[in-house]
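Input: a single structure, listed below in structure tokens.
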Amino acid sequence: MSNQQPRRVPRSCPTAFQGRYTVQPGDTFFNIAQMFRTRLEALAVNNPHITNPNIINPGDVLCVPGLIPYPCCIVLRPVSQFRLPFGSGAVAFINFAPQGGQAVSFLATLPQPSAFGNFDIYVGEIYIPDIGGFGNQLFPNDQDPPTWATRIDLPTAAAIAPNSRVVIRPANSNTGISGDIILDATIRGGSCHL
22 MSNQQPRRVP
32 RSCPTAFQGR
42 YTVQPGDTFF
52 NIAQMFRTRL
62 EALAVNNPHI
72 TNPNIINPGD
82 VLCVPGLIPY
92 PCCIVLRPVS
102 QFRLPFGSGA
112 VAFINFAPQG
122 GQAVSFLATL
132 PQPSAFGNFD
142 IYVGEIYIPD
152 IGGFGNQLFP
162 NDQDPPTWAT
172 RIDLPTAAAI
182 APNSRVVIRP
192 ANSNTGISGD
202 IILDATIRGG
212 SCHL
């Protein structure tokens, strides 16, 4: 008689957990979560077919976050309805945050925000599927036109997943009103390069 447990395989995986990992002898939920840079709780919640995360067997299949290898850089493209001045553009750089976790740094050469309406600042944002958005104000240097920059340190509970979107938009710091997105890019699975 065999002691081998039946393999547990998910029917489908959530959007940000499109990768699959087959449990190996000696694996635990904890070391798998560390390997895929995700929270233990997030790994458990996204694998409901494993009723007790303390008991996993070799051959079980887990939904894991699609990995975005970093550090990496992606070019933000102008949104079609906006004609940006010659020389305008932006990049987002994804790397480890100084205090741990991940960070997204934006660098953009853009005209003054007032070129797009009643706006006085730019905001860089990242939208992570099934997690939400994070943003920060960009600050200019002294050049004309200025280069605008900021860094968003993501909470350690958040990890950049495939199909995350990075954007820049003008905003009004007094009214809190944000303008339309003027530059954007989508981070594809497997690589954040275009």
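Taking the working numbering, the leading residue of the sequence shown gets 22, the next gets one more, and so forth.
Ideal Cβ positions, reconstructed from N, Cα and C, are used throughout, including at glycine.
Contact belief for residue i with residue j at Cβ below 8 Å, rounded distance in angstroms
i	j	result
residue 189	residue 175	About 17 Å; that fails the 8 Å criterion.
residue 126	residue 117	Their Cβ separation, rounded to whole angstroms, is 11 Å, which puts residue 126 and residue 117 out of contact at 8 Å.
residue 49	residue 82	No, residue 49 and residue 82 are not in contact; Cβ-Cβ is about 16 Å, not under 8 Å.
residue 154	residue 86	Rounded, the Cβ-Cβ distance is 18 Å, inconsistent with contact.
residue 269	residue 68	Residue 269 lies beyond the residue range present for the chain, which begins at 22 and ends at 215; the question has no answer from this structure.
residue 138	residue 200	6 Å
residue 149	residue 182	6 Å
Outcome for residue i when other beta-carbon atoms lying within 10 angstroms are tallied against a minimum of 16
i	result
residue 52	exposed
residue 198	exposed
residue 66	exposed
residue 102	exposed
residue 140	buried
residue 76	exposed
residue 22	Confidence at residue 22 is low in this model, with a pLDDT of 42, below 50, so the placement of that residue should be treated as unreliable; the coordinate-derived value is given next. Looking at its Cβ environment, which holds fewer than 16 other Cβ atoms inside 10 Å, residue 22 is exposed.
Beta bridge counterpart(s) of residue i as assigned by DSSP
i	result
residue 144	158, 190
Same chain only: Cβ atoms within 8 Å of residue i, ignoring 5 sequence neighbours per side
i	result
residue 166	106, 108, 109, 130, 131, 132, 133
Own chain residues within Cβ distance below 7 Å of residue i, not counting five before or after
i	result
residue 207	184, 186
residue 5	There is no way to answer for residue 5, as the model of the chain reaches only from 22 to 215.
residue 60	54, 178
residue 194	141, 142
Cβ shell of residue i (< 6 Å), same chain only, five flanking positions each side left out
i	result
residue 196	none
(Q) So within the segment 152-210, which uninterrupted beta strand (DSSP E) runs reach at least 3 residues, ignoring any that extend past its ends? (A) 153-161, 168-174, 185-192, 204-208
Q | beta strand (DSSP E) segments (min. 3 residues) lying fully within the segment 71-141 | A | 82-85, 93-99, 110-117, 123-130
Q. What residue ranges within the segment 33-75 form continuous alpha helix (DSSP H) runs of no fewer than 4 residues, ordered along the chain?
A. 50-56, 61-66
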